[in-house]
Each structure stands twice: as C-alpha cells, then as structure tokens.
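>
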Amino acid sequence: MSERVRVEPPNAPPFDWLLNTPEVVIGRATTAGLVVPDSSVSRHHARLFQRDGRWWAEDLGATNGTTLNDRPLLTPTMLDHGDRLRIGATIVRFAPDESDTTDPGALNRQAARLRTLNEVHKALATAISLSALLDLILERCFDVLHPEEGVILLKDPTGHFKLAATRRLPGRTGDVLVSRSIVDEVAGKGRPALVLDAAVDDRFAGSQSLMMSGVRSVVAAPLSDAEGSIGMIALLSSVSVRQFSDLDLDMLVSLASAAALRVRNVALAEEAAARKVLERELSLAHDMQMSMLPHQQLSRAEVDLAASVTPARSVGGDLYDFVLDDDRLWFIVADVSGKGVAAALYMAVAKTLFRASVLPDIGPADVLARMNRELCRDNDQFIFVTAIVGQLSVSSGEVALADAGHNPALVVSKGRKPFTPEIPKCMALGVVAETPYRSGRFTLSPGETLVLHTDGATDARNLDGDLFGFERLTHAVEVNAGKSAPDMISSISGDVETFVAGAPPEDDLTLLALRYLGT
Numbered sequence: 027m028s029e030r031v032r033v034e035p036p037n038a039p040p041f042d043w044l045l046n047t048p049e050v051v052i053g054r055a056t057t058a059g060l061v062v063p064d065s066s067v068s069r070h071h072a073r074l075f076q077r078d079g080r081w082w083a084e085d086l087g088a089t090n091g092t093t094l095n096d097r098p099l100l101t102p103t104m105l106d107h108g109d110r111l112r113i114g115a116t117i118v119r120f121a122p123d124e125s126d127t128t129d130p131g132a133l134n135r136q137a138a139r140l141r142t143l144n145e146v147h148k149a150l151a152t153a154i155s156l157s158a159l160l161d162l163i164l165e166r167c168f169d170v171l172h173p174e175e176g177v178i179l180l181k182d183p184t185g186h187f188k189l190a191a192t193r194r195l196p197g198r199t200g201d202v203l204v205s206r207s208i209v210d211e212v213a214g215k216g217r218p219a220l221v222l223d224a225a226v227d228d229r230f231a232g233s234q235s236l237m238m239s240g241v242r243s244v245v246a247a248p249l250s251d252a253e254g255s256i257g258m259i260a261l262l263s264s265v266s267v268r269q270f271s272d273l274d275l276d277m278l279v280s281l282a283s284a285a286a287l288r289v290r291n292v293a294l295a296e297e298a299a300a301r302k303v304l305e306r307e308l309s310l311a312h313d314m315q316m317s318m319l320p321h322q323q324l325s326r327a328e329v330d331l332a333a334s335v336t337p338a339r340s341v342g343g344d345l346y347d348f349v350l351d352d353d354r355l356w357f358i359v360a361d362v363s364g365k366g367v368a369a370a371l372y373m374a375v376a377k378t379l380f381r382a383s384v385l386p387d388i389g390p391a392d393v394l395a396r397m398n399r400e401l402c403r404d405n406d407q408f409i410f411v412t413a414i415v416g417q418l419s420v421s422s423g424e425v426a427l428a429d430a431g432h433n434p435a436l437v438v439s440k441g442r443k444p445f446t447p448e449i450p451k452c453m454a455l456g457v458v459a460e461t462p463y464r465s466g467r468f469t470l471s472p473g474e475t476l477v478l479h480t481d482g483a484t485d486a487r488n489l490d491g492d493l494f495g496f497e498r499l500t501h502a503v504e505v506n507a508g509k510s511a512p513d514m515i516s517s518i519s520g521d522v523e524t525f526v527a528g529a530p531p532e533d534d535l536t537l538l539a540l541r542y543l544g545t
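Sequence positions in the sequence shown follow this note's numbering and run 27 to 545.
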C-alpha cells in the first residue's frame, strides 16, 4: 500500500515523498532511500516499513534519536495518517491530508497555491507581455513548489517545441535539459505528468538524458487549447531535494490552462500585426505593378487601343504593354505561370525584356526569341511565360503576330462573326533557350478589332464550378464588336464578373482590344 510523507528539513524547502517500496531508510547518507539535507540526522537514522498492510516506523539507533508525535520512538510502532516523526531537526509527516484544517502547514500550502493562481489570472487581465507572463509563472512556481529548475516550451512555426522561458536555483550550472521523452509525453500527447522517481517510472526509465542530468522528480503540464498543444510547463528536481505531489500537478495544470489562452491570443495578435504589414506591402506592390503598365492614350488617330489587368490576388503575373515606333505599333499580352508575388516579379522582368527587345528592322518572332533566351538564363524555378507579341503597321493595317504558347487571338467587326487568325503556335518562354519562333500575318480592315486575352477570362468559374470558356468569350467579343476599345474591354470584363457571381478568381485576367480605324 503506497502512502506519502512530507519532509520538512530545517534549512531547505519542504518536499513530498511517495512510499512506493516495502521499506525505506531515512538518513543523511546518499545510500539512504530517502535522503534528508539535515546535519543533525544520522547517516541511516530511521526506517519506514510495511507489515500486515500497514506502515511502521523504527529508530535505527540514531545519535539524536527519533520521536513520534513528540514521544521517543523506542520500538517499532505502527503509523496513522497525520502522525509526525522528528528525525534530528527534520519533521516527517506521515500521510498528511492537504484538506486537513488542523494542519497549519497544509493550510499555508493551499493558500500559497491559491495566491499563485490568483496572481497569474490577474496578470492575464493586464497588458503584460508574453515573455513577462512566462517569467511570472515560473517565479510563482518556484515560490510555492520549490523546484530546482523550471522550463516553459512553446511550439514554433515549424512545429518544434523550443525553450521560451527558464528559471533555476542559484548555483545550478550546465545547460537546461528537457528530456525528449517528457516533451513527447506532455507537449506531444497533451498529457500532464507527475514523475515521483524517474528511475522506477516505466514511462521514463529508459530516458538516458533524464538519468544523466540527475533529475528524478518532474511535474509537467501541457499548454493546450481547442486547437491542440502549443507547449508545456515543466518543473524538475532531484528526489533528495523535492518530490512533487498530485496537488502540485493540479496547480500546474490550472496555470498551464490559463496561460495557454494568453499564448494563443498573443500569437493571434502577432499574426494579425504581421498580416497588416503584409497587406500594406502587397497594396504598395499592387500600386507599383499597376504603375508599370501603360497609362497614356495612344496618340494616333488611326488606332483605338485599350487594355486592363485584374490580378487574382493583390499582385499578379499578367502583363500588357505597347510601344509606338513611328509607323509601327508594338504590343504584347503575356501570362507568367503561377500567381502572387513571385509571378509579379517575373512579370516585371518580362515587361522590361519586351521593351529592350523591340528594335528596328526585326519582327515579333525575333522579339520572342530574344526574350526567351534571357528568361531561360538562371531559371532555376522553371517559371515560364505564355505571350503574344504583335506589330501593327499603322498606315496599312497589316499585323504580324507571334504566339508563344498563348491563348488564341480573336478578330471581330460589327455584323461579322469573330474569327481566330492563323498564327503558328510556338513554345512558351523560359523553357528551352534556343526555341525557334515564327509569326503569321493578316490585315485589319478599318473597323475591325483585334482582341487578346489571358486564361483568367476563359478559366473563370462560377459558384457551380462552370467555366466561362472560349465560347462565351467569343460571344462577348461579338456582341461588343461595334464599341470603342475602352467600352469593349469594360463590357467583356463585366460579362466575366457577372458570370462568376462572387466566386473567387481562378487566375489573373488581362484583356487588350486594338481597333483599327484606318487612315
């Protein structure tokens, strides 16, 4: 039958000891089962042992003798709950009742635990920082439970448990050790743990790190909430100094439960602050990206041109651009693989390369070849770009168009069905450095409009999962054929937006309309 004793040395914190063997020798020597840090105690002073299911006490001929309830212990005597042994200057209470209102020590310990819980709960209601809160918890635990070391671990973004706060008694040296087996049991599984003697505890008897550290008694509680375990609190001690109790564990579990809420709230607040900074940066990136696109009106009466980009996120990988070089109007619509910041950065590179590649006496296929060679250089991320590059002769309406794996172009005029000009389909940019590119030619008559788009139009889905598709896009181009280029772009964008009806965008949407008016 296991019982518990409370040991109260004269010059050291009190501690609890579980009687979980048939007998135990109490003394000052390290070979004693229960080591008492008291110079007035003999090396092997007294013995507690079981007989007929009851616990007995016996003096072992100690120099300073042993008393039981203030009477000399002369013969082996059976113990009752609450009995008090005096061994030297040390008091050993047999099976003390923490709820016993006649035991001033028990009342003091209960009051100390309540004060600790109250102080921590008050701190939680203030603007205390997370680090200050963790330090306060350990400080109060040391005041009440008297461990030798205390640690608090929190889960980092990678899912590993890292030291967030530590405390130890003066004179303790070396690294703070947290046994992996205890971390797995408490933080990993979300289970509190009370280890009275690690050497005989089946859960941790195989932990070499725990044995090597000299730690024998541990009380630990998980920091957890509805979303799972986020850390743990552990108090550690050698058995000869402090052995923890179930009531100690109850207090630590209560502290951990209260602290977990603040830890999670602090983490959420930090995430919200970081998200706010990120949103601001993305907003600035969006404005910068939009500023890179052409905003000036084309100053030629023969041509009516308009375009728009609608990123699926704050920033995207679609682009359009145009350059007027005397009688030649260069234009491009392109789509970088992927979405977000990485695609936006690559979009800026592709736009810069387009402008740098537009030279006198070359055609769209040459521009694509120049862009491709540069985009293939150091492309470790294997990002590719689909693009259509065109060149319009403003005086004649003749168009040269080259297609690098992009969506088909459409040509439309009022009263006629849209058609797709026959343009050679070539490989996307950034895949193979020496890819050959070819262009096709056709002529726009006055009133005809060339429409280019990215797959943010055709791949747009509504809430039922239906695609807008190329057929709907062709119809939208047809019904808006007689409009100006800006009105056509606005109407087609509106048709796509009406179709998706609030569903999140699948991809960036870019449209370009080039209406030839003639000389």
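Note that CB positions come from ideal geometry on N, CA and C, so glycine has one too.
Please state whether DSSP places residue 344 in a helix, a strand or coil.
Taking the sequence shown and counting its residues from 1, the one referred to as residue 344 is at position 318. Looking at residue 344 - three-state DSSP - the assignment turns out to be strand.
> For residue 110, I'd like the list of residues in its chain whose CB is within less than 7 Å of its CB, leaving aside the five on either flank, ordered along the chain.
As a working mapping, residue 110 is identified with position 84 in the sequence shown. Cβ within range, chain order: 95, 117, 119.
> In chain order, which continuous runs of the beta strand (DSSP E) of length 3 or greater are located wholly inside the segment 158–219?
Qualifying beta strand (DSSP E) stretches, in chain order: 175–181, 187–194.
> Tell me, to the nearest whole angstrom, how far the beta carbon of residue 334 is from that of residue 519; I am working on the premise that it is less than 8 Å.
For this step, residue 334 is matched to residue 308 along the sequence shown. For this step, residue 519 is matched to residue 493 along the sequence shown. Right, the Cβ-Cβ distance comes to about 6 Å (below 8 Å), so this counts as a contact.
> Which of the three DSSP states, helix, strand or coil, is assigned to residue 441?
Taking the first residue of the sequence shown as position 1, residue 441 is located at position 415. Three-state DSSP puts residue 441 in coil, outside helix and strand.
> Expressed to the nearest angstrom, what Euclidean distance is found between the alpha-carbon atoms of residue 126 and residue 217?
Along the sequence shown, read from residue 1 onward, the residue named residue 126 stands at position 100. Along the sequence shown, read from residue 1 onward, the residue named residue 217 stands at position 191. Only weak support exists for where residue 126 lies, its pLDDT of 47 falling under 50; the value from the coordinates is given anyway. Each residue's Cα considered, the two are about 29 Å apart.
> Grab me the residues of residue 128's own chain with a C-beta within less than 6 Å of its C-beta, minus the 5 sequence neighbours each way, in chain order.
Within the sequence shown, residue 128 is the residue found at index 102, counting from 1. Reliability fails at residue 128, whose pLDDT of 47 lies under 50, so the model's placement of it is uncertain and the value that follows must be treated cautiously. Answer for residue 128: no residue qualifies.
> Out of 246, 285, 338, point me to the one whose CA is closest to residue 483's CA.
For the purposes of this step, residue 483 is taken as residue 457 along the sequence shown, with counting starting at 1. With distances taken between Cα atoms, residue 483 lies closest to 338.
> Does DSSP classify residue 9 as helix, strand or coil?
Past the boundaries of the shown model lies residue 9; the chain is included only from 27 to 545, so the question cannot be answered.
> In three-state DSSP terms, what is residue 510?
By one-based count along the sequence shown, residue 510 stands at place 484. Of the three classes helix, strand and coil, the one that applies to residue 510 here is coil, per DSSP.
> Does DSSP put residue 451 in a helix, in a strand, or in coil?
Within the sequence shown, the letter at position 425 stands for residue 451. Three-state result, residue 451: strand.
> Tell me the DSSP secondary structure of residue 383 in three-state form.
As a first step, residue 383 must be located in the sequence shown, where it is residue number 357. Here residue 383 sits in helix by DSSP.
> Going by beta carbon distance, what residues of the same chain come within less than 7 Å of residue 527, once the five residues before and after it are set aside?
For the purposes of this step, residue 527 is identified with residue 501 of the sequence shown, where counting begins at 1. Excluding sequence neighbours, residue 527 sits near 488, 489.
> Taking the beta carbon of residue 298 as the centre, do at least 16 other beta carbons fall within 10 Å, making it buried, or is it exposed?
Working through the sequence shown from its first residue, we reach residue 298 at position 272. It is exposed - the Cβ of residue 298 has fewer than 16 other Cβ atoms within 10 Å.
> Taking contact to mean at least 3 C-beta pairs separated by less than 8 Å, is the segment 488–506 in contact with the segment 398–415?
Touching, no.
> What did DSSP end up calling residue 155 once you bin it into helix, strand or coil?
Here residue 155 refers to the residue found at position 129 when the sequence shown is read from its first residue. DSSP places residue 155 in coil when its eight states are reduced to three.
> Helix, strand or coil for residue 471? Go by DSSP, reduced to three states.
Your numbering for residue 471 matches position 445 in the sequence shown. Coil at residue 471, not helix or strand.
> Helix, strand or coil for residue 125? Go by DSSP, reduced to three states.
Residue numbering aside, residue 125 sits at position 99 when the sequence shown is read from its first letter. Unreliable positioning characterises residue 125 in this predicted model, as indicated by a pLDDT of 49, which lies under 50. The coordinate reading is nonetheless provided below. Coil, per DSSP.
> Tell me residue 354's beta-bridge partners as DSSP assigns them.
Here residue 354 corresponds to residue number 328 of the sequence shown, with the count starting at 1. For residue 354, which the question treats as bridged, DSSP gives the partners 351, 419.
> Identify whether residue 320 lies in helix, strand or coil by the three-state DSSP scheme.
For this step, residue 320 is matched to residue 294 along the sequence shown. Correct three-state label for residue 320: coil.
> Going by the beta-carbon positions, is the gap between residue 466 and residue 452 smaller than 8 Å?
By one-based count along the sequence shown, residue 466 stands at place 440. By one-based count along the sequence shown, residue 452 stands at place 426. For residue 466 and residue 452, no; Cβs fall outside 8 Å.
> Which same chain residues end up closer than 7 Å to residue 426 when comparing Cβ atoms and leaving out the 5 residues on each side of it in sequence?
To locate residue 426, count along the sequence shown from 1; it is residue 400. For residue 426, where only same-chain residues beyond five positions count, the Cβ hits under 7 Å are 389, 390, 416, 417, 465, 467.
> Taking the continuous beta strand (DSSP E) assigned at residue 484, which residues delimit it?
Here the question's residue 484 lines up with position 458 in the sequence shown. Looking at the DSSP string, residue 484 is not in any beta strand (DSSP E); the run it does join, the alpha helix (DSSP H), is 481–484.
> Here's the rule: buried if 16 or more other CB atoms are within 10 angstroms of the residue's CB, otherwise exposed. What is residue 185?
In the sequence shown, counting from the first residue as 1, residue 185 sits at position 159. So residue 185 ends up on the exposed side.
> Around the Cβ of residue 433, are there at least 16 other Cβ atoms within 10 angstroms (buried) or fewer (exposed)?
The sequence position of residue 433 within the sequence shown is 407, counting from 1. When all chains shown are included, residue 433 counts as buried.
> Just how far apart, CA to CA, sit residue 36 and residue 162?
Translated into positions along the sequence shown, residue 36 becomes position 10. Translated into positions along the sequence shown, residue 162 becomes position 136. Cα-Cα distance, rounded: 27 Å.
> Is the separation between the beta-carbon of residue 271 and that of residue 106 shorter than 8 Å?
If you number the sequence shown from 1, residue 271 lands on position 245. If you number the sequence shown from 1, residue 106 lands on position 80. Against a cut-off of 8 Å, the Cβ pair of residue 106 and residue 271 comes out as no contact.
> Start and end of the alpha helix (DSSP H) containing residue 54?
Locating residue 54 in the sequence shown gives position 28, where the first residue counts as 1. Careful: residue 54 lies outside any alpha helix (DSSP H) and carries neither H nor E.
> Tell me whether the segment 248–258 and the segment 169–181 touch, counting them as touching only if at least three CB pairs, one residue from each stretch, are closer than 8 Å.
Yes, the segment 248–258 is in contact with the segment 169–181.
> Helix, strand or coil: how does DSSP classify residue 4 here?
Residue 4 lies beyond the stretch modelled for the chain, which goes from 27 to 545, so this question has no answer here.
> Straight-line CA distance for residue 370 to residue 196?
Position 344 of the sequence shown, counting from 1, holds the residue named residue 370. Position 170 of the sequence shown, counting from 1, holds the residue named residue 196. Roughly 56 Å between the two C-alpha positions.
> Where does residue 55 land, buried or exposed, given buried means 16+ other C-beta within 10 angstroms?
Here the question's residue 55 lines up with position 29 in the sequence shown. So residue 55 ends up on the exposed side.
> What does the alpha-carbon distance come out to for the pair residue 99 and residue 52?
Position 73 of the sequence shown, counted from the first residue, corresponds to residue 99. Position 26 of the sequence shown, counted from the first residue, corresponds to residue 52. One C-alpha to the other measures close to 14 Å.
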